[in-house]
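Reading through the structure tokens given below for one structure.
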Amino acid sequence: ADMAARLDGIDLSPAMVAKSRARAIYTDVRVADVETARPEHTGVYSLVIAADTLVYLGDLDPVFAMAANALQPGGTFLFTVEKAQEDFELGPKRRWRHSESYLRTAAARHGFTIAGLLDASPRTEAGTPVEGLAVALQKPA
1406 ADMAARLDGI DLSPAMVAKS RARAIYTDVR VADVETARPE HTGVYSLVIA ADTLVYLGDL
1466 DPVFAMAANA LQPGGTFLFT VEKAQEDFEL GPKRRWRHSE SYLRTAAARH GFTIAGLLDA
1526 SPRTEAGTPV EGLAVALQKP A
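Residue numbers (my numbering): 1406 to 1546.
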């Protein structure tokens, strides 16, 4: 919070939003669905982060559109996903996985360039690292 003019957040869970509000680090935090939320402030954010969020979504087009709308030119969209072989598929733990090729295609479709895309383990399950990707997309300046 000390590094940003605004720190806004959304979460589907009213309980999580209440906890976030209690911490008093956000400028604004509200209950919303990331797939249908419209940014309160368009074109003003330098950074959008989806932390362990996209595993709950198959088709990422709505989220990529929201991020593109919210970001200022030159802004960055950071997120992690679990890795898939196909475009996107539902894994055995009911978490969506996404392929590198799907992410590259979706990024281009929404006007993003790939600033970084690396193998990563976004979490561990039963003591075993889950295969995933860490992604940095940039909106052209």
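Ideal Cβ positions, reconstructed from N, Cα and C, are used throughout, including at glycine.
Looking only at V1449, H1503, D1464, the smallest Cα-Cα distance to A1473 is reached by V1449. Going by C-alpha positions, V1460 is about 10 Å away from G1537. Distance from the CA atom of A1513 to the CA atom of E1445, rounded to whole angstroms, is 24 Å. DSSP, read as helix, strand or coil, puts V1422 in helix.
Using a 10 angstroms sphere on the CB of M1408, the tally of other CB atoms stays under 16, which defines it as exposed. If you draw a 10 Å sphere on the C-beta of A1427, you find fewer than 16 other C-beta atoms in it, and that means exposed. If you keep only unbroken alpha helix (DSSP H) runs of at least 4 residues inside the stretch 1505 to 1531, you get 1505 to 1514.
Taking 8 Å as the cut-off, the Cβ atoms of V1540 and V1486 count as close. Residue pairing of Y1450 in beta bridges, as defined by DSSP: L1476.
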